[in-house]
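Student: For reference, the structure I am asking about is given below.
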Amino acid sequence: MLAVSAVTKAMNEQQFIPQIADALTSAASAPKALIKVIVADDEARLRSALRLRLEHEPGIRVVGEATDVGSLLAQAEAKLPDILLMDWELPGLTMAGAGLQLLRTLRYWFPQLKVIALSSLPEAKEAALAAHVDAFVSKAEPADHLIQLCQIAK
C-alpha cells in the first residue's frame with residue numbers, strides 16, 4: 000500500500016507522466032498470480048491430504064488430481080499447471096526409464112512446468128534427480144517443506 004500511496008501523491012503533485020503513474024498503480028494493486036498445482040499419486044488419502052494442505056496456502060490452488068500416467072497427462076493438458084507434484088512410483092512408471100521418458104514428454108509439451116517428485120522410497124531420490132526433476136521431497140518430510148518448494152518453484 001505504501002507504493003500505491005507514493006504513486007498517488009506523486010500523481011497529485013504531477014511529478015510522474017500519467018501513463019507511468021497508471022502502470023505503477025495497476026501493478027501495485029494487481030493480485031498475485033495463483034500457483035496452479037496438479038497432485039499425481041495413486042493413494043487417495045495422500046492426494047486429499049496434499050490438496051487440503053496446499054489449498055490453505057494463499058496463492059496456491061490445486062487444479063487437478065491424477066492417479067496414473069494417463070490421467071496425469073490428461074490433467075496437464077486440460078489445466079496447464081505451474082507445478083506437478085508427482086509420485087515417483089505412479090502407476091505407469093514401473094518400467095526402467097519410464098520416469099525419465101515421462102519427464103521428457105512433459106518438458107516437451109509443457110516447458111514451463113516445474114516437477115516435484117514425491118516418494119517414500121529412499122532410492123527413488125537418486126533416480127528422480129538423475130531424471131532432472133526440479134525437486135524431490137520424501138513423503139516423510141513435513142508438508143511445510145513441500146509448500147516452500149512450490150512457492151520457490153513458481
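Reminder that position 145 of the sequence shown reads as 144 in numbering that gives the first Met the number 0, one-by-one numbering, no gaps. Where is the CB? At the ideal position from N, CA and C, for every residue including glycine. A quick note: this is a predicted structure, and the numbers were derived from the prediction, not measured.
Looking only at its own chain, which residues have a Cβ that is under 6 Å from the Cβ of L71, when we skip the five neighbours before and after it?
Tutor: Here residue 71 is taken as the residue at index 72 of the sequence shown, counted from 1. Correct list, in chain order: A39, A65.
Student: For the alpha helix (DSSP H) that contains L101, what are its first and last residues?
Tutor: The residue labelled residue 101 in the question sits at position 102 within the sequence shown. Here the alpha helix (DSSP H) through L101 covers 97-108.
Student: Considering only residues of the same chain and omitting the five flanking positions on each side of G91, which have a CB-CB separation below 6 Å?
Tutor: Walking along the sequence shown from the start, residue 91 turns up at place 92. Excluding residues within five positions, the ones whose Cβ falls inside 6 Å are D67, V68.
Student: Could you tell me the alpha carbon to alpha carbon distance between G63 and D41, rounded to whole angstroms?
Tutor: On the sequence shown, residue 63 is found 64 positions in, with the first residue counted as 1. On the sequence shown, residue 41 is found 42 positions in, with the first residue counted as 1. When rounded, the distance between both Cα atoms is 13 Å.
Student: Which residue's Cα is closest to the Cα of E88: L105, K138, D81, I34?
Tutor: Within the sequence shown, residue 88 is the residue found at index 89, counting from 1. Closest by alpha carbon: K138.
Student: Which of the three DSSP states is assigned to I151 in this structure?
Tutor: Stepping through the sequence shown from its first residue, residue 151 is reached at position 152. I151: helix per DSSP, three-state reduction.
Student: Report yes if the C-beta distance between I37 and Q74 is below 8 Å; otherwise report no.
Tutor: Residue 37 sits at position 38 when you count from the first residue of the sequence shown. Residue 74 sits at position 75 when you count from the first residue of the sequence shown. Going by C-beta atoms, I37 is nearer than 8 Å to Q74.
Student: Identify which residue in T104, F109, V136 has its Cα closest to the Cα of E197.
Tutor: Residue 197 falls outside the range modelled here, since the chain spans only 0 to 153, and no answer is possible.
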